[in-house]
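S.K.: Numbering (my numbering), first residue to last: 666 to 1193. No residue lacks a Cβ here, since even glycine has one placed at the ideal position from N, Cα and C. My questions will all concern the structure given below.
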Amino acid sequence: MSGLNRLRSMFWAVLLGALPACGDSGGEATDTTAATTSSTGGTTGTGTSVITEDATSGTDPTTGAPEPTTTAAATTTDAATSDVTSSGDTTDGDTGHADFWMPAKGGITNINQNSGSEVEIDGGDPAPMKWYNGFYGGNSFAGMARAWNGAVWADGYSEDGALVHFGGGHGANIGCFSYLFDVTSRRWKQVGAELNLPAEDMWSGGHPYGSVPDARDPTWLDYDHQGSRIIVLAHQYATVGYLAPDEGGAPVTGSLLTANAEGDQTASKPSAWGAWTFDLTDGRMERSLAGEPGPGISSGSLIAVKDTVNRKLWYFAQGKSEVRYHDLDAPVPRPLETTLVAVEPGAPNDGYTIVYDVTWLFVPEAKAALLFQGNGEVDSGLGVFLVDFASGTPTMAAVDIPFHPAGPTGFAHGALNVGAAWDSKRQRVVLYEGLGDAFTHVLTPSSTDFRAATWTWSRESYGGREPANAQGPIAAADSMQGAWGRWRYVPTLDVFLWTDGPGVTAETEDGVTRDAIVQFWAAEGTPM
C-alpha cells in the first residue's frame, strides 16, 4: 500500500470507524510520482527570496438557482431569502448586503445566512450508508468537501459567483449532485439530488460492482435516470471544471464539466474517458463529448486548469508531456483534443508537469499559471513554477521564481494542496493553508510579465472571527487536509472567501449560530 493510501485508510478509519471493503481499482497516485516530486520535494529554495517579516437576482423556489432579472433590485427582500437578516441595518450600495457582513482591513467575518445542514440531504447523519455516499458510507457533504477533492469556482453562477462542491476523491461521494455556496445570496444550496439519485444503486451494478446486472450504457457507462445521464463519480479529485453560459454551460448559472476518466470502476471493463455537463440550475447531466469515449487515464493523476485567455479547459497529467483539452469555443458536444506541453531548455522537473499535491493557479493578466509545491513538513518551504500559456500551447518555462525558504516563517503545515488565489486588484498571490492559521503568505510580482518580474514574499495577519477550522490542531498536514480550492478571491466584493466544509459551527455576524461556516477575509491583512 502506498503512503497516500495509508493516509487515506487512516483518515476514513478515524472518521467513520470500521470501513467496508473498497472495491474500486483506480484513482490512486502511482509510483511515477516519486522521481518527479523528489526533485523539488525539499523546496528549501533555489534562487533569492525577499522575505518581509516585519443587488442580486431572485432565486427559483424549487432549485434555489438564481433567476434572471431585468429590473433594479428592490431594497426589501422576502424574509425567507433575505440578505439583511435584522431590521434597520444599513446596506452597502454595491452589494445590497448589510455593512456588518464585510470585514474591515485585517478582519474576518462569518457570512453564511443559512446552515449547510438546512440543505444537506443526509440529515446530519455522519454515516448514513446510502449508496451515493460512496465506498465508505460517509456523509455526502463531508465527502465532497474533505476527501482529496477540490472545490470549483463558478464565477458566472451569480453576480459574485459560487463555490461548488461536487463528486469526491477515492470514492467518498459517488452521486451526481452538489452542495454550493452562492456568494451573492450568501446561502448554501443543494443541486441535483432530486433529479439524479435513484433509490438504490442497482443501475450501476451494485456494490461491490457486479453484484447485480449493470444497467448502464456499455460504451458510455452512464444511465438515463429521469432524462439525466448519471454516472458514478468515484474519483473526481481535481478534474472538475466550470463552464459559463458562453462556454457551453447552462443558461444563467452555467454548468460543471466532469471528465469521468474512470467510468467503469470495475475490473471487467476497460477504463474509458467520457465527459458530461452538470447543469447548476437543476443538476441535469448531459453527454458533452463528441464521438465515443476514448482510452481513460487515472483521475488521481489529473488536474483541470481553465485557461480564460485561450478559452480552453486543459487536463494535465502527473509526469506527462501530453496534455488533453477542450476548446471552449467549439460547439457542444466537443472533441477531446491532445497536444504536447512545450519545454524550454532549463525548465524544472525535466519539463514534465507536476500534479500530485500541487496547486495550480491560472492568472489571466499574465497569460500563465503558477504552480505551488510544498514538502509536507512543518515550516515547509514552497516551490514555485511557471507554465506559460501566451503562445496558446502550455510551456514549461525556464523562469527562476524564488522559492519560499523553510523555517519559522515558512508554511506551518507543509503546504500540500495549499490554497492560492490571485488578487486581481492588487495583482498579487495570496496563499492560505487553513487549519486555524490567522495569517496568509503573499507573493507579489513587480509586474504581470512573470518572465521579467521580480518577486517579493511577505506575510499578513488577521483578526476578528476565529479562522474556520474543521480539522483541529494539526502540525504537518497530509494531502487530504490541504485547503484545496476552498480559498478564493471574490473580485466583485474585493474579499477572500474561505470555508472548511460542513464541520464548523459558529456565530455569524447577525448573532445567529450556524454550521458550515463561510468567511470573508479582508483583501489586505496586517503586515507581519
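(1) For Ala819, report the span of its beta strand (DSSP E) as first-last.
(2) Quick one: what's got a C-beta closer than 6 Å to Ala1055's C-beta in the same chain, skipping five residues either side?
(3) Scan the stretch 832 to 883 and note each continuous alpha helix (DSSP H) run of 4 residues or more that stays entirely inside, going in chain order.
(4) Are the beta-carbon atoms belonging to Asn777 and Arg852 less than 8 Å from one another?
(5) Among Thr973, Pro1010, Arg989, whose alpha-carbon lies nearest the alpha-carbon of Pro1000?
(6) Count the other C-beta atoms from every protein chain shown that fall within 10 angstroms of the C-beta of Gly836, then say buried if there are 16 or more, exposed otherwise.
(7) Give the C-beta separation of Val917 and Thr946 to the nearest angstrom, bearing in mind that I take them to be a contact with Cβ-Cβ under 8 Å.
(8) Tell me, please, whether the stretch 1137 to 1147 touches the stretch 1078 to 1092 by the rule of three or more beta-carbon pairs shorter than 8 Å.
(9) Report the residue from Tyr980, Val1052, Glu1042, Ala995 whose alpha carbon sits nearest the alpha carbon of Pro1013.
(10) Give the C-beta separation of Gly781 and Ala1140 to the nearest angstrom, bearing in mind that I take them to be a contact with Cβ-Cβ under 8 Å.
(11) Pop quiz: Val905 and Ala969 are said to be a contact at Cβ under 8 Å. What is the actual Cβ separation, rounded to whole angstroms?
(12) Who are the near neighbours of Ser805 in its chain, counting only those whose CB is closer than 6 Å to its CB and skipping five residues on each side?
(13) Given a cut-off of 8 Å, decide if Thr1121 and Gly1190 are closer than it, judged by their beta-carbon atoms.
(14) Would you grab the beta carbon distance between Pro1010 and Ala937 for me? Rounded to a whole angstrom, and I think it's under 8 Å.
(15) Report all residues from its chain with a CB closer than 6 Å to the CB of Gly1176; omit the five preceding and five following residues, and keep chain order.
(16) Going by other Cβ atoms of all chains shown within 10 Å of its Cβ, with 16 needed for buried, is Met794 buried or exposed?
(17) On the premise that Thr1164 lies in contact with Phe846, defined as a C-beta separation below 8 Å, what is that separation, rounded to the nearest angstrom?
(18) Tell me whether the beta-carbon of Gly1084 lies closer than 8 Å to the beta-carbon of Gly1099.
(19) To the nearest angstrom, how far is it from the Cα of Pro726 to the Cα of Arg1151?
(20) Beta-carbon separation of Ala1034 and Tyr907 under 8 Å?
(21) Just the Cα atoms here: how many angstroms apart are Ala792 and Gly892?
(22) Residues in its own chain within less than 6 Å of Gln901 by CB, not counting five upstream and five downstream?
(23) So, using beta-carbon positions, are Thr1018 and Val1006 closer together than 8 Å?
(24) Measuring only the C-alpha atoms, how far is Gly1194 from Val1095?
(25) What's the C-alpha gap between Gly914 and Gly939?
(26) Do you know whose CA, among Leu1036, Val1107, Asp1102, Ala1118, lies nearest Pro1138's CA?
(27) If you draw a straight line from the C-alpha of Leu1205 to the C-alpha of Tyr980, how long is it?
(28) State the start and end residues of the unbroken alpha helix (DSSP H) segment that holds Phe806.
(29) Report all residues from its chain with a CB closer than 6 Å to the CB of Phe1185; omit the five preceding and five following residues, and keep chain order.
(30) Could you tell me the alpha carbon to alpha carbon distance between Pro1070 and Tyr1021, rounded to whole angstroms?
M.R.: If we stick to the structure as given:
(1) 817 to 819
(2) Lys1032
(3) 858 to 861
(4) yes
(5) Arg989
(6) buried
(7) 7 Å
(8) yes
(9) Val1052
(10) So it is not a contact: roughly 28 Å between Cβ atoms.
(11) 6 Å
(12) Asp787, Asn798, Asn838
(13) no
(14) The Cβ separation is near 37 Å, so there is no contact.
(15) none
(16) exposed
(17) 7 Å
(18) yes
(19) Residue confidence is low: Pro726 scores 35 on pLDDT, short of 50, so the model does not pin down where it sits. Its coordinate-derived value is still stated next. Cα to Cα, Pro726 sits roughly 27 Å from Arg1151.
(20) no
(21) 29 Å
(22) Gly832
(23) yes
(24) Outside the shown range of the chain, which is 666 to 1193, sits residue 1194, and nothing can be said about it.
(25) 17 Å
(26) Asp1102
(27) What is shown of the chain runs 666 to 1193, which leaves residue 1205 out entirely.
(28) 805 to 811
(29) Pro768, Thr774, Ile776, Val1160
(30) 21 Å
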